[in-house]
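Take a look at the structure set out below.
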Ligand code: NAP
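In this note's numbering, the protein residues as written are 665 to 920.
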């Protein structure tokens, strides 16, 4: 299949989890894909695995919370692949699982710096390349936690709510320039992030997994590909009339 033929995609946090699945599916659909992350070993291994299969991919070290690093890397990606037309703002951290009155300012800021400022920096420095190409699709990973509340990870909820509305504003700002901006809202997907998060609950990991699975009407958590295919759709011309929208992929979590 060549649903993304001719596209050049950047996937932040692309070394593992949802990002790695998105990288893989986008490359298989014909895009040239830049993996950006701080997990260099996993990112380089994924890039090699894809290029060994004859697909187009490369790895760049990039901390999305550092503006100069983001600008430099996005410029290098555009030089390497000839343009930049898809940005998946996927890098994110869950942050400390403490009630609001116990959080420090540093803990709060760290989550916002990656999850919110990172989306701002990557979008800011991708837009000039998309304007040049006269086409673009920006896909922001928000969460069910950007739609509804739950009694945990307060800074994460705040960050994902912000990403939801940044998406809508940018969608309107760039709509006439053929640059679309949409958000994806996953339910719990089994990745290193969720494993790390469940370990902070103090419960036995298996019990925590089962309790989390039960929050979804379908009775189980999702897998990274469930989200990757949504991202492929939003990156492709199949979704050309879609901007400012929320693609909820959550096993029914928010349906009740
Ligand atoms: P993950 O398994 O933790 O993978 C995220 C990747 O992003 C990791 O390699 C991580 O590196 C990297 N990263 C973190 N901070 C970064 C930074 N400053 N610059 C560059 N890369 C950075 O996460 P995931 O579960 O796949 O989640 C991906 C996205 O989906 C996140 O935005 C998350 O909030 C969102 N999401 C996930 C779920 C879920 O259930 N998994 C649900 C809703 C939304 P480190 O390991 O070094 O941090």
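Where a beta carbon is used, it is the ideal one built from N, C-alpha and C, also for glycine.
Taking a contact to mean a Cβ-Cβ separation below 7 Å, would you say residue i touches residue j in this structure?
| i | j | result |
| --- | --- | --- |
| residue 742 | residue 793 | yes |
| residue 779 | residue 864 | no |
| residue 831 | residue 807 | no |
| residue 728 | residue 800 | no |
| residue 896 | residue 733 | no |
| residue 758 | residue 861 | yes |
| residue 670 | residue 755 | no |
| residue 685 | residue 889 | yes |
If you run the structure through DSSP and keep just helix, strand and coil, what is residue i?
| i | result |
| --- | --- |
| residue 804 | strand |
| residue 777 | helix |
| residue 917 | coil |
| residue 705 | helix |
| residue 887 | coil |
| residue 725 | strand |
| residue 717 | coil |
| residue 747 | coil |
| residue 792 | helix |
| residue 765 | helix |
| residue 666 | coil |
I'd like the span of the alpha helix (DSSP H) that includes residue i, first residue to last.
| i | result |
| --- | --- |
| residue 799 | Premise fails: residue 799 is in no alpha helix (DSSP H) and is neither H nor E. |
| residue 861 | 856-863 |
| residue 821 | 818-838 |
| residue 867 | Neither: residue 867 is in no alpha helix (DSSP H) and is coded neither H nor E. |
Between which two residues does the beta strand (DSSP E) harbouring residue i extend?
| i | result |
| --- | --- |
| residue 752 | 750-753 |
| residue 850 | 843-850 |
With a 10 Å radius around its C-beta and 16 neighbouring C-beta atoms as the bar for buried, classify residue i as buried or exposed.
| i | result |
| --- | --- |
| residue 836 | exposed |
| residue 899 | buried |
Is residue i near the ligand PLP, judged by its Cβ being under 6 Å from some heavy atom?
| i | result |
| --- | --- |
| residue 778 | By its list of ligands, the structure shown excludes the ligand PLP, since it contains just the ligand NAP. |
What are the complete beta strand (DSSP E) segments, minimum 3 residues, inside the stretch 668-699?
-> 672-676
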